[in-house]
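J.:
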Amino acid sequence: MFSAAIRERTVGRRGAAWVAALALPCALAACGGTGDAKRAVSASPDSAVSVVDDAGHTVTLPHPARRIVSLVPSATETLLALGARGALVGRNDFDKGMGIDSLPSVGGGMDPSLERLVALRPDVVVGWNAGSDPAARQRIEALGIRLFALKTEDTTDVFRAVRSLGALTGRRTSADSLSASMRRGLADVAASVAGKPRPRVFFVVWNDPPMTAGPRTYVAQLIGVAGGTNTFADAARQWPTVSLEEIVRRDPDVVVLPQGEKGAAASIAALRGAPGWRELRAMKDGHAVTVPADLVNRPGPHIAEAARALAAALHPDAASP
Amino acid sequence: MRPALRLALLALGLVAALLLGIRLGAVRLSVREIVDAARGLGDPTTVAIVRGLRLPRSLQAALVGGALAVSGAVFQALLRNPLAEPYILGVSGGAAVGAVGALVTGGVLASAGSVSGAAFAGAIFAILLVFRIAASVGKTLDTRILLLAGVVTGAFFNAVILLALTFADADSFRSAMFWMMGSFSGATWASDATLAAAMLPAVAILVALARPLNLLSVGEETAAYLGTSVERTKLIAYGVASLLTAAAVAAAGVIGFVGLVIPHVIRLLWGGDHRFLIPASLLLGATFLVLADALARTAAAPTELPVGVVTAFVGVPFFVFLLRRRAA
């Protein structure tokens, strides 16, 4: 039960999304967001900012945020990519490998130490869109801390997060150029696999019980960009738990395993010997591939790199863009 | 008056634990800063930490610990079973069904208040259901039937929770897991006041029932011979102890161990007279949870450990030590 909770935490972090995975042009168009991102107006350091978060709350600050604590690793990455390193005053335990280990941590992103949070006196805390746990939001706001809630389920959300974090920190210009380069990166990946056969992919979020990326998730969209189709694009849920029997019945062409130091599913070697899994054609034929877990688990500024890693795994013969 | 002296000693221990609980935390504060902050002076951040977080949280730990230990003592007497604990009549299962239901279905509608409210409602529903089942089996409150009804109802509620979680999305699942582990991190002055208001009459009634409970723990027939109105006492004591548990669970989720062990610690140390056992359990249970929560907040700061983990890790070795000393 407990390990399940931890895993859900990982899964929850990556959120979920929309856009059919194989509708490539559509996915890219959706990535563009609502289209008002082209006007590059840089906020002056003292002008007030007012941004609507993903929970529909308007967060107004007298000046662009100067003291930020991020509870969401992908948001931390986005802030760093926007050049807002100087505004970060705290991080969470999952902000690993970002070069900000010297910042004080407030603990887990879902259950931060409120004391630490208060003590850091942030202008704004970037947190999860606590749709199912508004108690967490109330708890933080009751302490007089402004919470900017983010939802990062599909790539549209990712681009919206870039835009709103740019607005919040007075870095709209950086946000626009970051979005543009991310979009370019995705388009390059899509172009590199254009015209190639599209293997049916089973993405292993977790192996026991088997959990995968359903439709409306950025993972499914990135698989689409990388020239694959999602075996469970018809799932009713965003991160469905599926039966091993059903995986065997659908017999995907490729099994993709995120691998990293922590929180990764079992290794290919382990799955190759596991009941059920060993029946899969992909396992027998050596079509089980790994992608870096840190890359594909974070719906942030590196989604183009994640798509590139997926494309390289799905189409090893294709020229790297 | 030796028992009075012991109670005074336990009360002193509780005060010391509360002071320590307010002193310790993820952020280091000096005694001076804390005293100032408690009076509303000094750095507003420190004031927010002390007044907004540590004080209500330590207080909630004390109230919940006291409530669970008292209801544990009463259930052990009523069921004449050393394994009885506050959740034995399915209260925790009912509360969890309520809370998980609110978290899974509520979405945006769920708030801290509505989750506790739903947990309390679920607990009350469980209590009524168990009593209804027991009453339908026999005219009088047969403790064995009550116990069985509580256990099977609890098992059923557990199944309902697992079913709901199987179909819950990742966010609700996580929130529900956190709730079921129990935590004081949601404590506010308002929730403390509500819990205290519920506890005061409940504890008063149970202390008033101390003498009949003494007789009942010997045996129902003996109690009846000695002039106790057995059925009425049982009904009131079960009802009040269950409500007390329900209030505690609604405030802080399911926290095990305290309600089972604290009354036994008092019995091992000073005997089982309920006139002493109930208030002593209240004070020791409160002290124990305040200390456990302080440890939970600081041991791996800023990560908070589930308080139930701390109570068992620290409490079990101590309890075994007490048992062995008693046997020797």
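Keeping their order, the protein sequence lines are chains P and D. In short: position in the first sequence from 1, add 5, done, that's the numbering used here. In short: position in the second sequence from 1, add 723, done, that's the numbering used here. Glycine residues also receive a C-beta, built at the ideal position from the N, C-alpha and C atoms.
1) What does S110/P touch in chain D if you count any residue whose Cβ is under 8 Å from its own?
2) Show which residues of chain D have a CB atom less than 9 Å away from the CB atom of D98/P.
3) With distance defined between alpha-carbon atoms, name the residue in V754/D, A973/D and G982/D nearest to I847/D.
4) Could you tell me whether any Cβ in chain D is nearer than 9 Å to the Cβ of A89/P?
5) Expressed to the nearest angstrom, what Euclidean distance is found between the alpha-carbon atoms of G789/D and P986/D?
6) If we cut at 9 Å on Cβ distances, does Q243/P have a partner in chain D?
7) Looking at the C-beta of R103/P, does it have a partner C-beta in chain D at a distance below 9 Å?
8) On the CB-based measure, 16 or more other CB atoms within 10 Å of its CB, does F7/P come out buried or exposed?
9) Strictly by DSSP, which residues pair up with P1002/D?
10) Over the uninterrupted beta strand (DSSP E) stretch that includes F890/D, give me the two end residues.
11) Count the other CB atoms, across all protein chains shown, that sit within 10 Å of the CB of R189/P; report buried if there are 16 or more and exposed otherwise.
12) Report the rounded CA-to-CA distance for A298/P versus D256/P, giving the unit in angstroms.
13) Grouping DSSP H, G and I as helix and E and B as strand, with all else coil, what is R855/D?
14) Quick one: is P67/P buried, meaning 16 or more other Cβ sit within 10 Å of its Cβ, or exposed?
15) Can you find the residues in the same chain that come closer than 6 Å, C-beta to C-beta, to L737/D, ignoring five residues on each side of it along the sequence?
16) Looking at the secondary structure, which residues open and close the beta strand (DSSP E) in which Q783/D lies?
17) Between the Cα of P263/P and the Cα atoms of G233/P, W211/P and G281/P, which residue gives the shortest distance?
18) What residue ranges within the segment 175-255 of chain P form continuous beta strand (DSSP E) runs of no fewer than 3 residues, ordered along the chain?
19) Do the segment 988-1003 of chain D and the segment 775-785 of chain D touch if we need at least three Cβ pairs shorter than 8 Å?
20) Closer than 7 Å by C-beta to V198/P: which residues in its own chain qualify, once you throw out the five before and the five after it? Chain order, please.
21) Does the CB of S781/D have a neighbour CB from chain P at under 9 Å?
22) Please report how far the alpha carbon of A1017/D lies from the alpha carbon of G748/D, in whole angstroms.
23) With DSSP as the reference, label S107/P as helix, strand or coil.
24) Hey, would you say I850/D sits closer than 9 Å to L966/D, going by beta carbons?
25) So V111/P and S118/P are in contact, right, with Cβ under 8 Å, and what is the actual spacing, rounded?
26) Round the Cβ separation of T246/P and P215/P to the nearest angstrom and send it over; I've been treating them as touching at under 8 Å.
27) Contact defined as beta carbons within less than 8 Å: I believe G976/D pairs with M903/D. What is the distance between those atoms, to the nearest angstrom?
28) Once you ignore the five residues that flank A792/D on each side, which residues in its own chain have a CB closer than 7 Å to its CB?
29) Look up W23/P in the DSSP assignment and say whether it is helix, strand or coil.
30) I want to see whether chain P comes within less than 9 Å of L743/D, judged by CB atoms only; does it?
31) Spatial neighbours of A727/D within its chain, please: CB distance less than 8 Å, with the 5 preceding and 5 following residues excluded, ordered by chain position.
32) Going by alpha carbons, who is nearest to I252/P out of R221/P, T295/P, A287/P and A311/P?
33) Grouping DSSP H, G and I as helix and E and B as strand, with all else coil, what is A749/D?
34) Is G149/P close to chain D, meaning its C-beta is less than 9 Å from at least one C-beta of that chain?
35) Using DSSP with H/G/I as helix, E/B as strand and the rest coil, what is S52/P?
36) Is the CB of G979/D under 9 Å away from at least one CB in chain P?
T.: Reading it off the structure:
1) Contact of S110/P with chain D by beta-carbon distance below 8 Å involves P1025.
2) Per Cβ cutoff of 9 Å: P1025 and T1026.
3) If we check each option's Cα against that of I847/D, A973/D comes out closest.
4) Answer no: the Cβ-Cβ gap between A89/P and chain D never drops below 9 Å.
5) Within the model, the alpha-carbon separation for G789/D versus P986/D is close to 11 Å.
6) Q243/P belongs to the set of residues whose beta carbon lies under 9 Å from a beta carbon in chain D.
7) Looking at the sequence shown, residue 103/P is not Arg but Met. It does not; no Cβ of chain D falls within 9 Å.
8) Below a pLDDT of 50, predicted positions are generally treated as unreliable, and F7/P, at 33, falls in that range; the measurement from the model is reported next regardless. Under the 10 Å beta carbon count, F7/P is surrounded by fewer than 16 other beta carbons and is classified as exposed.
9) Partner(s): none; P1002/D has no beta bridge.
10) Here F890/D belongs to no beta strand (DSSP E), and DSSP marks it neither H nor E.
11) Exposed, because fewer than 16 other Cβ atoms sit within 10 Å of the Cβ of R189/P.
12) Using only the alpha carbons, I get a separation of about 23 Å.
13) R855/D falls in the helix class under three-state DSSP.
14) By the 10 Å Cβ count, P67/P comes out exposed.
15) The beta carbon of L737/D is closer than 6 Å to those of L1006, A1009 and T1010 in its chain, skipping five residues each way along the sequence.
16) Not the beta strand (DSSP E): Q783/D falls in the alpha helix (DSSP H), residues L778 to L802.
17) Nearest of G233/P, W211/P and G281/P to P263/P, Cα basis: W211/P.
18) You should have 205-208.
19) Cβ pair count under 8 Å is below three, so no.
20) Cβ within range, chain order: A231, G232, A316, H320 and A323.
21) Put simply, the CB of S781/D is far from chain P, with every gap to its CB atoms at 9 Å or more.
22) Rounded to whole angstroms, A1017/D to G748/D spans 7 Å at the Cα level.
23) Under the three-state reduction of DSSP output, S107/P falls in the coil class, being neither helix nor strand.
24) For I850/D and L966/D, yes; Cβs fall inside 9 Å.
25) Going by Cβ atoms, the distance from V111/P to S118/P rounds to 5 Å, so yes, they are a contact pair.
26) The C-beta separation of T246/P from P215/P comes to about 7 Å, placing the pair in contact by the 8 Å criterion.
27) About 6 Å separates the two Cβ atoms, so the contact holds.
28) Excluding positions up to five away in sequence, the list reads V981, G982, I985, P986, S1004, L1005, L1007 and G1008.
29) Any reading at W23/P needs caution, since the residue's pLDDT is 26, under 50, leaving its predicted position unreliable; the model's value is listed next. Here W23/P sits in coil by DSSP.
30) No, its Cβ sits nowhere closer than 9 Å to a Cβ of chain P.
31) Closer than 8 Å at the Cβ level, and outside the excluded window around A727/D, lies no residue.
32) If we check each option's Cα against that of I252/P, A287/P comes out closest.
33) Here DSSP, grouped into helix, strand and coil, assigns A749/D to coil.
34) Look at G149/P: its C-beta is under 9 Å from a C-beta on chain D.
35) Residue state, collapsed to three classes: coil.
36) So no, G979/D is outside the interface.
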